[in-house]
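Asker:
In our numbering, the protein residues as written are 40 to 360.
1) In this structure, does DSSP put residue 348 in helix, strand or coil?
2) Using 8 Å for Cβ pairs, my map puts residue 75 next to residue 106. What's the rounded Cβ distance?
3) With burial defined as no fewer than 16 other Cβ atoms inside 10 Å of the residue's Cβ, what is the status of residue 240: buried or exposed?
4) Give the DSSP bridge partners of residue 239, in chain order.
5) According to DSSP, is residue 229 part of a helix, a strand, or is it coil?
6) So residue 340 and residue 357 are in contact, right, with Cβ under 8 Å, and what is the actual spacing, rounded?
7) Around the C-beta of residue 326, are 16 or more other C-beta atoms found within 10 angstroms, so that it is buried, or is it exposed?
8) Note the first and the last residue of the continuous beta strand (DSSP E) segment covering residue 271.
9) Mind checking residue 156: buried by the 16 CB within 10 Å criterion, or exposed?
10) Please report the straight-line C-alpha distance between residue 192 and residue 124, rounded to a whole angstrom.
11) Just to confirm my understanding: we take residue 142, look at its own chain, exclude 5 residues before and 5 after, and list those with CB closer than 6 Å. What are they?
12) DSSP on residue 73, reduced to helix/strand/coil?
13) Got a sec? Which residues, its chain only, sit under 7 Å from residue 309 by beta carbon, not counting five neighbours each side?
Written as structure tokens, this is what we have:
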């Protein structure tokens, strides 16, 4: 399995990375270093640049350099692709090293991963990505399990300290096999979900598997899984929303309240603190459904299946003993 390198910029990691891209040539830009060198001087004219080092990575010309203003110098990287005699800056990054804002530290302390007897922080990076003219900034915390040597976790926080993504995974991929996600892939995702942020992507069996997230105005997290073919045509998609009962869309609230009127021996839906809604077409007990709604309460896990009119067509309750 080939691991894409998402177009967030990680200064500490990328400083020593230079990988080939033999089987993804369609997304590799043409590069002229002399053009990129001139554009670097224009882009960073406000800085005093020194120790400039260039390398080619996945068809991009990458400059690593020290930049100084009135404050202390810091290390930066800039990635360029060239087209028709012009150089376009794709990514850049200010490497803040171990300077982690208190708001991020406080947010991390509230997660289960702050338990130092179970998890060890492996790396913390400030990452940036240009989406058009918008610069997105997030903090990524990578952790290793102290109880399972193959288990790792990734947390992503925005600059306000909101946890916008978390996932545990088995450490089975070759981390040195990294790729730049092409502009075509970003465009393909944004056609479907304009506000989505790509957090992970993999290339496997001529398919591109993408994990993305959307954070709404209530800081609810929508997790999106997309699969494209090598020509960026959509094969499948799955969309999961995470809510509290208070932030649950009214259509789902009404359906759950109606269910409770006929099941008063069951917990009232307002007791459910974390509710996941998955947009997924399928069948349950022979009936078509468009949404799967899941939540846990104590040892019970409730699952409701709703059609596209938010009518419950099936339910399932499991007891975790």
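Beta carbons: idealized from backbone N, C-alpha and C, even for Gly. Because the structure is a prediction, the values reported are computed rather than measured.
Answerer: In brief:
1) Reading the chain shown from its first residue, position 309 is the one you call residue 348. The answer is coil: DSSP assigns residue 348 none of H, G, I, E or B.
2) Start at 1 with the first residue of the chain shown, and residue 75 comes out as number 36. Start at 1 with the first residue of the chain shown, and residue 106 comes out as number 67. That pair is no contact at about 16 Å.
3) Locating residue 240 in the chain shown gives position 201, counting from the first residue. The residue is buried, with at least 16 neighbouring Cβ atoms inside 10 Å.
4) Your numbering for residue 239 matches position 200 in the chain shown. The partner list for residue 239 (beta bridge, DSSP) reads 250.
5) Your numbering for residue 229 matches position 190 in the chain shown. Helix.
6) The residue given as residue 340 occupies position 301 in the chain shown. The residue given as residue 357 occupies position 318 in the chain shown. Contact flag correct, Cβ pair sits at about 5 Å.
7) As a working mapping, residue 326 is identified with position 287 in the chain shown. Per the 10 Å Cβ criterion, exposed.
8) Position 232 of the chain shown, counted from the start, is the residue given in the question as residue 271. Run containing residue 271: none; DSSP gives neither H nor E here.
9) As a position in the chain shown, residue 156 is number 117, starting the count at 1. Exposed, since its Cβ has fewer than 16 Cβ neighbours within 10 Å.
10) In the chain shown, the residue the question calls residue 192 occupies position 153. In the chain shown, the residue the question calls residue 124 occupies position 85. So the two alpha carbons sit approximately 42 Å from each other.
11) Numbered from its first residue, the chain shown carries residue 142 at position 103. Excluding sequence neighbours, residue 142 sits near 200.
12) Taking the chain shown and counting its residues from 1, the one referred to as residue 73 is at position 34. Residue state, collapsed to three classes: helix.
13) Here residue 309 refers to the residue found at position 270 when the chain shown is read from its first residue. Closer than 7 Å at the Cβ level, and outside the excluded window around residue 309, lie 284.
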